[in-house]
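Residue numbers (the working numbering): 964 to 1319.
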Amino acid sequence: RVDEGASMGVVFTSLFALGLVMIVQAADHVDLDPSCVLYGAIELTPLDTVSLGPLDVPRVVLTLGVVMLVNATFIMVSYKELKISSFDPALATASGVHAGLMHYLLMILVAVTAVASFESVGNVLVVAMFVVPPAAAYMLTDRLPRMIVVSAVLAALSAILGHVGALAVPAWFGFQSTSTAGMMAVAAGVMLGLAILFSPRHGVLVKLIRQRKLAWRILADDVVALLYRFDEREEHSQATPASLADALLIDRFTLGLTIRWLRLSGSVLWRTEASGGWCELTARGRERARELVRSHRLWEQYLISQAGVESERIHDKAERYEHFTDVAMRDLLDAETNAPRIDPHGSPIPREHESR
């Protein structure tokens, strides 16, 4: 089976290409402007007016105004039915909502809106406004009511900025003006690009920053936990930058940045003697390190005694889990493993009361 969305995309693009070929073939024999069909002629809409009492109103405004009212009324009246039938047709049918009917009514309104908009704004802007503002809104919020409002606001901003840009931007490059509909599509695309990059939850840059912060936090945890293990073995002389970098498999520059950050946060101190320098945990750093080591060793004990994981694999798994284990989870692990004193490798498990 072919995915429904993929099949719709193939059919749409194929028929769209066929339509373009037909337009080009017919343009030489019929009074038809392909650029008008593709890009519309929003600039000329004030010239085609109809009398509405004492006012002369552009015909397109009247047509699209009626379509907008019909769409808004349908959404407000059938919002609950549209939502449930769109996201879960089976549940909608079980609840007494005719999901198929709602689907086809929605498709009819989409088609009517497209046909009504086609003449004035052209195919490019119709497709752009159907897809781009909702896609940008989807990046900015996960709530459907808010998404609808944000989508409408972004579409309106795209129209305003596109019209202004069609007059202002070409002058920067020595041209008088450009297509308003095309520039509106460009404005919508720019907004989508900004949403993709800077969305608070789903933005590419925001995710990258969040991932880097997490990586730095994990690396800082690894440093203080390693210093704690050196203290356990009374190997203070091993807490040098070279030995830390070798043990953590990182370069000296990255380790230096991490140690500077830990010093600023009050977690480590730097001791210097004639023979060289080494790192030492502060009370705050020791508390965090003890929590990490306790979490690590409890996880090792749990994985081998309760989960049946091979002893060769428990260290790597515990290494990952320790960074996301809070006091409640540690208490649960302690209870599940009968409050062990040592881990599977024979190392003592720090007590929780010491870290509180």
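Glycine is no exception: its CB is placed at the ideal position from the N, C-alpha and C atoms. Predicted model only: the values in this text are computed from it and were never measured.
Taking the Cα positions, residue 1221 is about 56 Å away from residue 1084.
For residue 1273, the three-state secondary structure derived from DSSP is coil. Shortest Cα-Cα distance from residue 1313 to any of 1250, 1119, 1268, 1289 involves 1250.
A Cβ-Cβ separation of about 5 Å places residue 1252 in contact with residue 1188 under the 8 Å criterion.
Straight-line spacing of the CA atoms in residue 1028 and residue 1005 works out to 15 Å. For residue 1045, the enclosing alpha helix (DSSP H) has its first and last residue at 1042-1050.
Shown here, residue 1311 sits in a strand according to DSSP, grouped into three states. Listed in chain order, the non-local C-beta contacts of residue 1231 below 8 Å within the same chain comprise 1186, 1187, 1190, 1222, 1225, 1242, 1243, 1244, 1245, 1248, local neighbours out to five positions each way being set aside. Secondary structure of residue 1172 (DSSP, three-state): helix.
Nearest C-alpha to residue 978 among 1086, 1213, 1303: 1086. In this structure, DSSP gives residue 1013 an extended state, which the three-state scheme calls strand. For residue 1162, the CB contacts under 6 Å within the same chain, skipping 5 residues up- and downstream, are 1102, 1103 in chain order. In this structure, DSSP gives residue 1106 a state outside helix and strand, which the three-state scheme calls coil.
Ranked by Cα distance from residue 1075, the first of 1026, 1041, 1119, 1265 is 1026. In the structure shown, residue 1184 falls within a helical segment according to DSSP collapsed to helix, strand and coil.
Shown here, residue 1071 sits in a helix according to DSSP, grouped into three states.
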